[in-house]
Amino acid sequence: MKKQPEDRGSELRALFFESANELLQALNEAGLELEARPTDEEVIRSIRRAVHTLKGDSAACGFHKLSEIAHELEDVLSPQVGKAKGAGLAEIVLAAADTFEAMLSSYQREVEPPPVEGLRAMIRGLLAPSEKNSAEQAVAASDEAQFDWSEYERLMISEALHRGETVYNVALRIDSNSVMRAAAFQLIRNVLHGCGTVIALRPEDNAAAATVEIVEAALASNSPEAQLRQRCKIPSIVSEVWMERATAADSADHELLGELLEAQAEKIAAATADHDEANAASKSANPNSVAATIAESILRVDAARIDAVMNLVGELIIGKSMLHRALTEFDKTHSRDPLRAKMADALAFQSRVLDELHKSVLKIRMVPVEQLFRRFPRVVRDVAKHCGKDVALEITGQNTDLDKGILDALAEPLTHIVRNAVDHGVEPADERLAAQKPVRGTVSLRAYHQGTQFVLEIKDDGRGIDLDRVRKHAVKTGLMKQTDVDRLPESEVLNLIFEPGFTTASEVTEVSGRGVGMDVVRTVLDRLKGTVHVFTQLGKGTTIQLRAPLTLASIQTLLFRVGGRLFAVPLSSVVEITRVTDMEIYRVDQREVLRLRDQILTLVRLNKLDRIHAVETPEKKKKNFVIVIGAAERRFGLLVDQMVGEEELVIKALPGELVASDLVSGASILGDGTVVLILNVPAVLSRLSRATPLGAIA
Amino acid sequence: MAQFAPLLRKDDKPVRYLVVDDSVFARKNIIKMIELFGGEVAGEAGDGLTAIAEFKRTAPDIVLMDITMPQMEGIEAVERIVRQHPDARIVMVSSVGYQENILAALQKGAKHFVQKPVKPEVLYEILRYVLADDPTAAGAPVALAGEHRS
């Protein structure tokens, strides 16, 4: 079907905005890198590439204002400017990223883009002095010239020197106004040949000349140097001439060819080592550079489409479960029917494929949390700069995968928490010094998986949360009465910061403390069926821990019965299943334990745990099943009455008011309509460790 | 227009130019500049063939040659002139789009090129440079007079 032109246009624009946002992200990252290493040519080149792409794309979409300003920026981005301006260039790049972003959002809303005069002035300001200052440029040209002649060329140089000729290393900068680079290069070549014998020339041919700015040559000539300089200063072609006499040290002696070869080999080895080192450095500095190189095969799909597939797969799994049950019943009545085996085979095959399908679809949705993290270096830098603080950001676990939907939902709370950490958490320099802390504050982001949960920790080494201030503030803002506040336990006091409208910042700043505080964080996490925990130590710092389910989809579980009720645990946390008699169970410290292969295992009866209203087992059985469950390094045994089997469950998160216990993380519906409660393993573990002395859980 | 110090030959006579372009307007434009530089128009041509004939007849100090012309293109004219007069100083005049042709002309022996639209100050510098190449020319600093060519 042929698309309407305007339809295609809008699709193109949607694509443009998407890719433009990525470019802005890249620009932001590169800007920060440039701030750290202002003379890094590779960074400048990458900025230039991003700006160039943005320029082209926006022009193609008819966003000329953006295209023009991008063009101006691209023009001034050169390693020379980087050298001359240092961090000033980074400042402009970051400002440009902001301006571009504002323009993009205007274009997206189809309103007139904001004025760009501020940015333009900055760009021009960058250009003007460096053009005037030719001495500075001369230095740059000689810096850039490498005179990296080949072995043969070095031999030629040395021969010419032996003949008594003078050899010059010449570097010529092609005038930036010269549009016809290939022609310019040809003319330079003509002139050099007219001046003497050209021993070596870089670039070597006209085609390569299209992109170079500096032409290097080794020239043997008997003309006076001043005259050569004059000849090389070709009007409208060459803007700058740099010339030095080549010495024997640059060249090689005939007899010393072997040595030369060796030196060359060493040089190559050194260069390779350098390269490796640079690689390693760039890897550590920019962990997503690998991702950047493989980004070409990435397909953009609307998340809603994936969700639709995901839902269908979920339905299929329930369907499979229904079939399974039907087959089991069929089994009982027609155990000899040959059709049974055929059906079982087909079902097994189907479930295997379904399993793969499910995993594949899940993988589509899972994205590394790095996508979210990478905006934070900029956030931290901006906020820190605004508050006049020096704050470093540490990021770990950026490769942790997370459902895209959850990731997107976490973006806002995380931004808020990080801003808070920098703005309120980290103290001003003098306060830090007084507290004998390093002046530079640290905010760290850490992501990891724990069981079926995704954990995100935001930690700062700042002043911590002052509980007294929280209490006072709660009273002041009318959140609670003084008498109520006094009765609150400490852990509850900390929870006050999640109340709507609560902020302890003494003044409302631009970056945080706008009154929409931590309550947003909690609202989002509640929606995700996640949790927020705050750990704080006065004077030491604060850690905020966000927990969210890894995915909104299904998990493999083990089904079992306790007291007539059906439960499930994630199969991934099951270590083993064993059977024990009552004789083997011992009582230690009011806990039932089991000796399992010389290891002491704490036993848990679900019906003994809080608020799990499982009915007491009617009679004492001789043999019990024990499911050994492990999370992290800790293990416990779950005493169950009956094993039911493995089942893939599509988790339906339960609304808070339905579940009174945090020991249950969700529920699911089986093929026959039975409701299963899914046990929250980490919660059970933490309950255990609170109720028993340390070390009781082996 | 800005003032330019006259470009003169070594014998203090005005530099003589051959202006080759198929557009009369372009020729007039160039000629105006030449006069501004204190030069003298030795001849004009509207195509390559005429240019060769005119070169023989007038023996100019400098040829300003357009790239695209009827009957014989600038490149071929350059090649033929340089073959017969290796010391001929030809400056190509062309718009940016003809980089390939300029490249070819430079390989055939053209001394320089100037981009259309021609700016007088640019052309002046180029002419000064090209004239300096000649030991008999005087428009250039004296130090260049005895330049060695290998």
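These protein sequences, in sequence, are chains A and B.
This note's numbering puts the first residue of the first sequence at 13, with every later residue one more than the last.
This note's numbering puts the first residue of the second sequence at -13, with every later residue one more than the last.
Positions of the beta carbon are idealized from the N, C-alpha and C atoms, including for glycine.
Closer than 8 Å at the beta carbon, the chain A residues around residue i
i: B:Ile16; result: The contacting residues do not exist; B:Ile16 stays about 16 Å from chain A at best.
i: B:Val138; result: A query on residue 138 of chain B cannot be resolved here, the shown segment of chain B reaching from -13 to 136 and no further.
Residue i to residue j span [Cα, whole Å]
i: A:Gln611; j: A:Val587; result: 14 Å
i: A:Ile690; j: A:Asp684; result: 17 Å
i: A:Asn33; j: A:His436; result: 29 Å
i: A:Phe547; j: A:Leu468; result: 13 Å
i: A:Ala82; j: A:Leu46; result: 18 Å
i: A:Glu256; j: A:Leu199; result: 21 Å
i: B:Val27; j: B:Val5; result: 7 Å
i: B:Leu117; j: A:Ser162; result: 36 Å
i: A:Gly333; j: A:Phe361; result: In the sequence as displayed, the identity of residue 333 of chain A is Ser instead of Gly. Approximately 14 Å, taken between the alpha carbons.
i: A:Ser90; j: A:Arg57; result: 8 Å
i: A:Ala183; j: A:Leu419; result: 53 Å
i: A:Val627; j: A:Leu405; result: For A:Val627, the predicted model reports a pLDDT of 48, less than 50, meaning its position is unreliable; a value from the coordinates is still stated below. A:Val627 and A:Leu405: Cα-Cα distance of roughly 51 Å.
i: A:Asp472; j: A:Leu106; result: 25 Å
i: A:Ser347; j: A:Val325; result: 31 Å
i: B:Asp52; j: A:Phe197; result: 20 Å
i: B:Val128; j: A:Ala238; result: Because the pLDDT at B:Val128 is just 35, under 50, the model does not fix this residue reliably, and the point stays unresolved.
i: B:Leu(-7); j: B:Tyr115; result: 11 Å
i: A:Leu606; j: A:Tyr598; result: 6 Å
i: A:Asp319; j: A:Thr495; result: 50 Å
i: A:Leu506; j: A:Gly553; result: 14 Å
i: A:Lys493; j: A:His461; result: 40 Å
i: A:Val253; j: A:Cys244; result: 7 Å
i: A:Arg591; j: A:Arg603; result: 19 Å
i: A:Gly331; j: A:Pro582; result: 20 Å
i: A:Ala114; j: A:Pro126; result: 7 Å
i: A:Leu240; j: B:Ala90; result: 25 Å
i: A:Ala153; j: A:Ile59; result: Reliability of the predicted coordinates at A:Ala153 is poor, the pLDDT of 47 falling under 50, and no value is obtained from them.
i: A:Asp187; j: A:Val250; result: 5 Å
Residue i at chain B interface by Cβ criterion, 8 Å
i: A:Asn202; result: yes
i: A:Val224; result: no
Proximal residues of chain B, C-beta to C-beta of residue i below 8 Å
i: A:Leu199; result: Leu92, His98, Phe99
Under 7 Å by beta carbon: chain B residues contacting residue i
i: A:Ala195; result: Gln85, Ile88, Leu89, Leu92, Phe99
Chain-ordered neighbours of residue i on chain A, where CB pairs are closer than 7 Å
i: B:Ile112; result: Pro247, Ser248
Residue i beta carbon near the ligand ADP (any heavy atom closer than 7 Å)
i: A:Gln242; result: This structure does not include the ligand ADP; it has no bound ligands of any sort.
Any chain A beta carbon closer than 8 Å to residue i
i: B:Tyr3; result: no
i: B:Val49; result: no
Inter-residue CB distance, residue i and residue j (contact presumed, cutoff 8 Å)
i: A:Ala194; j: B:Gln101; result: Their Cβ separation, rounded to whole angstroms, is 14 Å, which puts A:Ala194 and B:Gln101 out of contact at 8 Å.
i: B:Arg2; j: B:Asp47; result: 5 Å
i: B:Ser80; j: B:Ile88; result: 6 Å
i: A:Leu479; j: A:Leu491; result: Contact flag wrong, Cβ pair sits at about 14 Å.
i: A:Ile589; j: A:Phe648; result: No, A:Ile589 and A:Phe648 are not in contact; Cβ-Cβ is about 14 Å, not under 8 Å.
i: A:Ile211; j: A:Glu165; result: 6 Å
i: A:Val224; j: A:Pro236; result: The Cβ separation is near 28 Å, so there is no contact.
i: A:Leu328; j: A:Leu366; result: 6 Å
i: A:Gly542; j: A:Leu558; result: 6 Å
Short CB-CB distance (under 8 Å) between residue i and chain E
i: B:Phe(-10); result: The structure shown contains no chain E; its protein chains are A and B.
Which residues, taken in chain order from the region 79 to 95 of chain B, show a beta carbon closer than 7 Å to some beta carbon of chain A?
Val82, Gln85, Ile88, Leu89, Leu92, Gln93
Could you name the residues of the region 51 to 62 of chain B whose beta carbon sits closer than 7 Å to any beta carbon of chain A, in the order they occur along the chain?
none
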